Structure formats: C-alpha cells, structure tokens
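In our numbering, the protein residues as written are 6 to 351.
Note that beta-carbon positions come from the ideal geometry of N, C-alpha and C, so glycine has one too.
Keep in mind the model is a prediction, meaning the values are calculated, not measured.
In what follows, a structure is listed as structure tokens, so that the remarks can point back to it.
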Ligand code: TYM
C-alpha cells in the first residue's frame with residue numbers, strides 16, 4: 006500500500022530545545038515554506054519529544070515560542086497552515102500508546118539516534134528517550150500524513166514509522182475492513198529528504214553533524230545570530246589547504262569543502278555544480294566572502310523577525326492555540342477510528 010490512496014498531507018516537527026541552527030533551516034524549515042503552496046501542511050513544535058531529556062520549564066516555554074516564531078519568520082503562513090505545539094493535542098500521546106503496542110522492541114533497539122544520545126548510559130536515560138520514535142510515528146499517523154520533510158538524520162525514524170503503519174494495517178486488517186476503512190487504515194508516510202543540504206555538518210568538524218547540543222557555538226550558525234557573528238563563524242569555518250574543485254567528484258574526501266559548497270547551494274537555491282562552476286579553482290577566502298553575503302542575506306531577515314515575534318508571546322500563544330484546535334479537529338476522528346479498530350468501547 007502506498008501513499009497514493011490517501012489525501013496528500015504534510016506533517017513535520019521540530020524540537021524546542023534551543024539554538025535553532027542553519028541545519029534545522031536548510032534540512033527542514035526552508036522546505037516547510039516551499040511545500041505550503043502545494044500541500045495541506047501541519048507543522049508542530051514537538052514539546053513532548055523535548056522532555057525526553059531534562060528541560061528547564063521556563064526555558065521550555067521560551068523555546069516553544071521561539072520555534073513557532075522561526076516557522077513564521079521563515080515564511081510559513083500560520084493562517085494557511087497549521088502551526089501548534091504537540092502537548093496541546095492529546096491524540097499524539099494517546100496514539101503513541103496504541104502504536105507502542107504495535108512496534109517491536111527489536112525495531113527500537115536498532116535506532117542509531119537512541120544509541121548516540123544514550124551513549125554508554127542506556128540504563129540511566131528516560132524510557133521516553135527510548136520510545137521517542139514511536140511518538141514520532143504517532144505524530145505523523147495521527148493526521149494520516151503522507152509526506153514528511155526532514156533532514157537526513159530522521160530517515161531511520163521515518164522508516165520505523167512506515168513499518169509501524171504497515172504492521173498496524175496487517176495486524177488489524179479484518180477490523181479495518183469491518184469498520185469500513187478498506188484495505189489500509191494508515192498511509193506509508195514518505196520522507197522528503199531533498200536538496201543540497203540534507204545533512205549540514207559542523208563548521209568546526211566536517212565529520213560531525215551541525216547540532217543544537219554541540220558545546221562549541223562556533224560549530225553552528227544559529228538562526229538568531231547577527232550579521233557580524235555569521236561572518237565571523239563562516240570565516241573561521243574549518244577548510245583544507247586545496248583550492249575548491251571544479252567538479253562535484255573533487256569534493257570526495259573533503260568533508261569541510263563539501264559542506265560549505267552544499268550550504269551555499271541550498272541558501273542560494275542553486276545546484277552544487279553551479280557553485281563549483283563559479284568558485285571552483287579559487288581559494289576558500291573568496292568563496293567564504295560570498296558565502297557570508299548569501300547567508301546574511303537569507304538568514305538576517307529571518308533572525309530579525311524571530312526576535313521581533315518573541316517579544317509578543319501572547320500573539321504566538323494565540324497562533325499555537327488556534328493551530329492546536331485545527332490539528333485536534335483532524336486528529337480526533339482518526340484516533341476515534343483507531344479506537345474502534347482496536348476494539349475499545351467509546
Ligand atoms: P530536530 O528538532 O532534531 O530537528 C528538526 C529538523 O531539522 C533537521 N536537522 C538537520 N537537517 C540537516 N542538517 C542538520 N545538521 C540537521 N539537524 C537537524 C532534522 O532532520 C529535522 O527535520 N525527531 C525530530 C522531530 C520530530 C518529527 C516528528 C519530525 C518529532 N516528530 C514527526 C518529523 C515528523 C527531531 O528531533 O528533529
């Protein structure tokens with residue numbers, strides 16, 4: 006069963022864990038903006054996911070609003086699309102329980118992000134961190150979403166969501182049919198992982214992903230960085246001694262060069278080939294100046310608007326509340342149907 010029998014619908018989420026960065030923008034938020042013209046889109050600030058690791062409650066409120074502000078500042082229209090925070094729609098947590106009874110422990114044991122995050126402390130981390138990908142599947146399936154724009158690092162979680170959807174459809178096939186839902190209740194959500202920067206790497210180390218939790222602020226460009234900070238970070242970004250190559254093949258084995266070329270391409274909206282046609286053969290210093298210009302051009306207004314929006318928390322809260330009501334109106338009947346299929350009395 007593919008997504009084709011289902012009404013197209015986009016869902017994606019971003020954790021409110023502070024330090025929204027260029028990777029979040031290029032891997033996800035920039036695509037949210039592009040998709041809004043062609044799809045019904047639901048964009049979620051996933052606060053339930055955030056508390057899988059300890060959060061300061063006051064800081065969490067601030068970062069929830071900041072992520073919503075980032076969506077809007079980047080160009081997501083909150084009137085046309087649904088923007089809300091996850092904890093305001095109880096269907097996420099309720100469906101996660103049902104899907105947790107569908108998912109297998111062996112499947113979760115294979116999740117590489119859990120292994121990275123838990124490190125050696127697998128016995129000490131929260132149960133929530135372990136079952137995190139089940140909640141993520143529930144986020145998507147609560148809306149029968151068919152398309153999920155994410156960065157490369159979420160690919161495995163999306164595969165798990167597809168497996169869970171498939172197993173639910175198989176396990177309950179007879180009940181799904183008996184309740185009038187045909188052959189499949191859930192779609193197979195498709196990851197949208199496209200473009201020149203699906204995995205933006207640290208500016209200090211081309212082998213590490215750009216991340217909110219990297220202790221070095223110089224490793225990432227934050228969406229709220231001002232022009233001088235962006236310029237300083239790009240100029241300090243690690244490179245290698247060779248000039249930029251003329252062809253894509255020449256980026257092989259040069260992770261820092263590849264990363265900067267990918268960032269430029271994604272920000273400028275051109276293929277990497279075009280970037281190399283313009284800058285190949287030249288030194289990094291000239292290319293970095295051009296990269297600063299394109300980064301400041303693109304990110305400056307977004308950061309400025311984010312800072313303005315967060316000074317009006319009541320306005321953001323009103324958007325989140327109205328978004329939650331609209332999200333709930335879609336998810337509630339789907340959750341009700343799941344209850345019928347599973348055999349609950351309601
Ligand atoms: P999160 O909050 O870590 O990241 C938000 C989005 O940014 C992308 N991303 C990157 N893309 C390119 N390069 C990078 N260095 C980079 N770092 C982050 C992520 O892939 C993501 O798209 N589990 C998710 C949130 C989530 C979700 C969902 C996403 C919860 N439920 C349902 C989609 C659908 C996460 O932790 O993203």
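- Placement of the Cβ of residue 174 at a distance of 7 Å or more from every heavy atom of the ligand TYM is found.
- A straight-line Cα-Cα distance of about 31 Å links residue 141 and residue 306.
- A distance below 6 Å between beta-carbons, with the five flanking residues on each side excluded, links residue 218 to no residue of its chain.
- When the beta-carbon positions are compared, residue 40 and residue 154 come within less than 8 Å of each other.
- Judged by their CB atoms, residue 19 and residue 50 are nearer to each other than the 8 Å cut-off.
- When distances are taken from the beta-carbon of residue 29 to the heavy atoms of the ligand TYM, the shortest one is below 7 Å.
- Per the C-alpha coordinates, the member of 71, 56, 249 positioned closest to residue 285 is 249.
- With 16 or more other CB atoms across the displayed protein chains lying within 10 angstroms of its CB, residue 97 is buried.
- In the DSSP secondary-structure assignment, residue 47 is bridged to 16, 87.
- Here the stretch 163-173 does not lie against the stretch 119-131, with fewer than 3 beta-carbon pairs under 8 Å apart.
- Annotation: the continuous beta strand (DSSP E) that includes residue 195 extends over 195-197.
- For the pair residue 301 and residue 232, the CB atoms are nearer than the 8 Å cut-off.
- Restricting attention to 14, 45, 78, 37, the CA atom closest to the CA of residue 315 is found in 78.
- In this structure, DSSP gives residue 215 a state outside helix and strand, which the three-state scheme calls coil.
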